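Undergrad: In full-length UniProt numbering, the protein residues as written are 1 to 478. We put the CB at the ideal spot given by N, CA and C, even for glycine. In this text, all values refer to a predicted model and were calculated from it rather than measured experimentally. Quick one: the structure is below, questions incoming.
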């Protein structure tokens, strides 16, 4: 009689398609992935064809890890060093025995060992020679000297670098003909290196530079596939020039004011600028030329005084702490979201589609309440949802004498949100007076939400609800 195998003896997982097994491996740490290769010849083959090669801290034992961080002196020095070198040899062998590599990833914190950097150089150079498509190198404290060969790879499509020092190749030209995404975080490089890097990526689609040193002037000309640009917190940034690009999203923020010029970028849909040295005329002209622009954010632009925006495509507008602005005119019939924080200003709009308004005023001038009510009245027919932000609860309490001479400003608002930002959680104010004032400001509202945001310890929510008005009192500790 023929015997049949029991259910326990059947290895159904190993019989899954290779792509499914690769997906399973993607949820494991590198050390665990390597360990699966000894399960069977099937798993060894799966490991050798697995397209990702990731080295992180899980590979190193605690003794080697501490050795790399702080060095070691005494009897164990030579023992740990031999163990470390054996590990390097083993990792290199694992890398070289792979049938194919598409993604190479290395994550580490701080290192003070020259042999470690030499080992990493060997791995990086071998990965480049294997025609990888994605490379990610992240160092959170120490700076790694990037081998110039990385900037001459014909196959890399995605390059993400953090905590690296970048220098030009010997021939002084960057050649990354396949690169589509470039992410640089906390990178040290010279201005001419960055210019050469950008010009050497003709197919670049996404470019992100965050907290980089040496990034002074950025010139992006003729990169027709460039779709997304994000330059954030680059300390040396002085100017950004973009011309003849199909970019749709542009985000630039500096540590100091910077110049910006945008020419013939007709596909821009999203712009976010902080600390930009732009003037009223430039802003008005530029926005009017961008026929598909949908989102505009301006923050800390100190040279703006009288903002005039005309755009039939704009849907979201946010203006934050532009201290010299005294007048705002927006001709934006399709605007749906408007956010403003700063001093009181003269305002006019025809935003008939406006559905959400977010306001945060600095109370620094006399006759605050009268100006406040008159400003709110201009928004009455634009939105059913209105968010107000103040530093003190008293700022939103309209005195009785002012109510006698002023009309209720927001008779059309259906949902009113008030956020009170206060530096201390132990803040006292009269909820009754606040609610009375809010219901005078928006007498026909269906719901009022008051949130106290105070800077303190763990986040805790305390909620009290009243069924008739659907009023929610929230206290948030940060």
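Compute the beta-carbon to beta-carbon distance between residue 149 and residue 179, rounded to the nearest angstrom, for a pair I have assumed lies under 8 Å.
TA: Residue mapping note: residue 149 aligns to position 149 of the chain shown, counting from 1. Residue mapping note: residue 179 aligns to position 179 of the chain shown, counting from 1. The pair is not a contact, with the Cβ atoms about 14 Å apart (cut-off 8 Å).
Undergrad: Suppose contacts are defined by Cβ-Cβ distances below 8 Å. Is residue 49 in contact with residue 18 by that definition?
TA: Your numbering for residue 49 matches position 49 in the chain shown. Your numbering for residue 18 matches position 18 in the chain shown. Yes.
Undergrad: Just list the residues that DSSP pairs residue 358 with in beta bridges.
TA: The residue given as residue 358 occupies position 358 in the chain shown. Answer by DSSP bridge pairing, in chain order: 339 and 387.
Undergrad: Runs of 4 residues minimum, wholly inside the segment 170-217: which ones carry the alpha helix (DSSP H) assignment?
TA: 191-199
Undergrad: What does a CB cutoff of less than 6 Å around residue 259 pick up in its chain, not counting 5 residues either side in sequence?
TA: Start at 1 with the first residue of the chain shown, and residue 259 comes out as number 259. Contacts found: 239 and 277.
Undergrad: Among 285, 57 and 164, which residue has its Cα nearest to the Cα of residue 213?
TA: One-based indexing of the chain shown puts residue 213 at position 213. Residue 164 is the option with its Cα nearest to residue 213.
Undergrad: Tell whether a beta-carbon distance below 8 Å holds between residue 185 and residue 153.
TA: Translated into positions along the chain shown, residue 185 becomes position 185. Translated into positions along the chain shown, residue 153 becomes position 153. Cβ atoms of residue 185 and residue 153: not closer than 8 Å.
Undergrad: In three-state terms, what does DSSP make of residue 447?
TA: Taking the first residue of the chain shown as 1, we reach residue 447 at position 447. Of the three classes helix, strand and coil, the one that applies to residue 447 here is strand, per DSSP.
Undergrad: Can you look up residue 220 in the DSSP assignment and give me helix, strand or coil?
TA: On the chain shown, residue 220 is found 220 positions in, with the first residue counted as 1. If DSSP states are grouped into helix, strand and coil, residue 220 belongs with the strands.
Undergrad: From the DSSP output, in three-state form, read off residue 146 for me.
TA: The residue given as residue 146 occupies position 146 in the chain shown. DSSP places residue 146 in coil when its eight states are reduced to three.
Undergrad: Could you spell out where the alpha helix (DSSP H) holding residue 481 opens and where it closes?
TA: Given a span of 1 to 478 for the chain in the structure shown, any question on residue 481 remains unanswerable.
Undergrad: With a threshold of 16 other CB atoms inside 10 Å of the CB of residue 43, please say whether the residue is buried or exposed.
TA: Here residue 43 refers to the residue found at position 43 when the chain shown is read from its first residue. Flag for residue 43 reads buried.
Undergrad: Excluding the 5 residues flanking residue 126 on each side, which residues of the same chain have their C-beta closer than 8 Å to its C-beta?
TA: Counted from its first residue, the chain shown places residue 126 at position 126. Cβ within range, chain order: 92, 95 and 96.
Undergrad: Do you know how far the Cα of residue 376 is from the Cα of residue 275?
TA: Counting from one through the chain shown, the residue named residue 275 turns up at place 275. Counting from one through the chain shown, the residue named residue 376 turns up at place 376. For residue 275 and residue 376, the distance between alpha carbons rounds to 28 Å.
Undergrad: In the DSSP assignment, find the beta strand (DSSP E) that holds residue 135 and state where it starts and stops.
TA: As a position in the chain shown, residue 135 is number 135, starting the count at 1. Its beta strand (DSSP E) spans residues 134-139.
Undergrad: Let me confirm a value: residue 47 is counted as buried when at least 16 other C-beta atoms fall within 10 Å, else exposed. Which label applies?
TA: Here residue 47 is taken as the residue at index 47 of the chain shown, counted from 1. Result: buried.
Undergrad: Is it buried or exposed for residue 351, if we count other Cβ within 10 angstroms and need 16 for buried?
TA: Counting from one through the chain shown, the residue named residue 351 turns up at place 351. Classification of residue 351: buried, given that the 10 Å Cβ count is 16 or more.
Undergrad: Considering only their Cβ atoms, is the gap separating residue 237 from residue 215 smaller than 8 Å?
TA: As a working note, residue 215 is residue 215 in the chain shown. As a working note, residue 237 is residue 237 in the chain shown. Closer than 8 Å, so yes.
Undergrad: So, for residue 340: in the same chain, excluding its five sequence neighbours on each side, which residues have a beta-carbon less than 6 Å away from its beta-carbon?
TA: Residue numbering aside, residue 340 sits at position 340 when the chain shown is read from its first letter. Closer than 6 Å at Cβ, skipping near neighbours: 319 and 359.
Undergrad: Apart from the five residues on each side of it in sequence, which residues of its chain come closer than 6 Å, Cβ to Cβ, to residue 169?
TA: Position 169 of the chain shown, counting from 1, holds the residue named residue 169. Cβ within range, chain order: 148, 151 and 152.
Undergrad: With DSSP as the reference, please indicate the residues paired to residue 329 in a beta bridge.
TA: Translated into positions along the chain shown, residue 329 becomes position 329. Residue 329 is bridged to 308 and 348.
Undergrad: Could you round the C-beta distance between residue 398 and residue 434 to whole angstroms and report it? I think they count as a contact, below 8 Å.
TA: The count along the chain shown starts at 1 and reaches residue 398 at position 398. The count along the chain shown starts at 1 and reaches residue 434 at position 434. The Cβ separation is near 11 Å, so there is no contact.
Undergrad: If residue 248 and residue 270 are in contact, beta carbons under 8 Å, what's the gap, nearest whole angstrom?
TA: The count along the chain shown starts at 1 and reaches residue 248 at position 248. The count along the chain shown starts at 1 and reaches residue 270 at position 270. Contact holds; Cβ gap of about 7 Å.
Undergrad: Tell me whether residue 124 is buried or exposed, calling it buried when 16 or more other Cβ atoms sit within 10 Å of its Cβ.
TA: For the purposes of this step, residue 124 is identified with residue 124 of the chain shown, where counting begins at 1. Result: buried.
Undergrad: Which same chain residues end up closer than 7 Å to residue 313 when comparing Cβ atoms and leaving out the 5 residues on each side of it in sequence?
TA: By 1-based counting over the chain shown, the position of residue 313 is 313. Once the five neighbours on either side are set aside, the close Cβ partners of residue 313 are 291, 292, 293, 294 and 334.
Undergrad: Distance check for residue 90 and residue 83, CA to CA, integer angstroms please.
TA: As a position in the chain shown, residue 83 is number 83, starting the count at 1. As a position in the chain shown, residue 90 is number 90, starting the count at 1. Looking at the two C-alpha atoms, the distance is approximately 11 Å.
Undergrad: Rounded to whole angstroms, how far is the Cβ of residue 338 from the Cβ of residue 321, which I believe are closer than 8 Å?
TA: One-based indexing of the chain shown puts residue 338 at position 338. One-based indexing of the chain shown puts residue 321 at position 321. Contact flag wrong, Cβ pair sits at about 16 Å.
Undergrad: Out of 158, 420, 400 and 243, which has the shortest C-alpha to C-alpha gap to residue 221?
TA: Against the chain shown, residue 221 aligns to sequence position 221. Residue 243 is the option with its Cα nearest to residue 221.
Undergrad: Give me, in chain order, the residues of the same chain whose beta-carbon lies closer than 8 Å to that of residue 304; leave out the 5 immediate sequence neighbours on both sides.
TA: Residue mapping note: residue 304 aligns to position 304 of the chain shown, counting from 1. 278, 279, 280, 283, 298, 322, 324 and 325.
Undergrad: Could you tell me whether the Cβ atoms of residue 355 and residue 330 are closer together than 8 Å?
TA: As a first step, residue 355 is located in the chain shown; it is residue number 355 there, counting from the start. As a first step, residue 330 is located in the chain shown; it is residue number 330 there, counting from the start. Taking 8 Å as the Cβ cut-off, residue 355 and residue 330 do not qualify as a contacting pair.
Undergrad: Tell me residue 415's beta-bridge partners as DSSP assigns them.
TA: To locate residue 415, count along the chain shown from 1; it is residue 415. DSSP lists 385 and 447 as partners of residue 415.
Undergrad: State the CB to CB distance for the pair residue 255 and residue 235, rounded to an integer number of angstroms; the pair is presumed to be in contact (CB under 8 Å).
TA: Residue numbering aside, residue 255 sits at position 255 when the chain shown is read from its first letter. Residue numbering aside, residue 235 sits at position 235 when the chain shown is read from its first letter. So it is a contact: roughly 5 Å between Cβ atoms.
Undergrad: Which whole runs of the beta strand (DSSP E) in the segment 73-121 are 3 residues long or more, in chain order?
TA: 103-108
Undergrad: On the DSSP bridge list, what partners appear for residue 162?
TA: Sequence index remark: in the chain shown, residue 162 carries index 162 (1-based). Looking at the DSSP assignment, residue 162 forms a beta bridge with 138 and 185.
Undergrad: Please classify residue 372: does DSSP put it in a helix, a strand, or coil?
TA: Stepping through the chain shown from its first residue, residue 372 is reached at position 372. In the structure shown, residue 372 sits in a helix (DSSP, three-state: H, G or I).
Undergrad: In the structure shown, what three-state DSSP assignment does residue 50 receive?
TA: Stepping through the chain shown from its first residue, residue 50 is reached at position 50. Coil at residue 50, not helix or strand.
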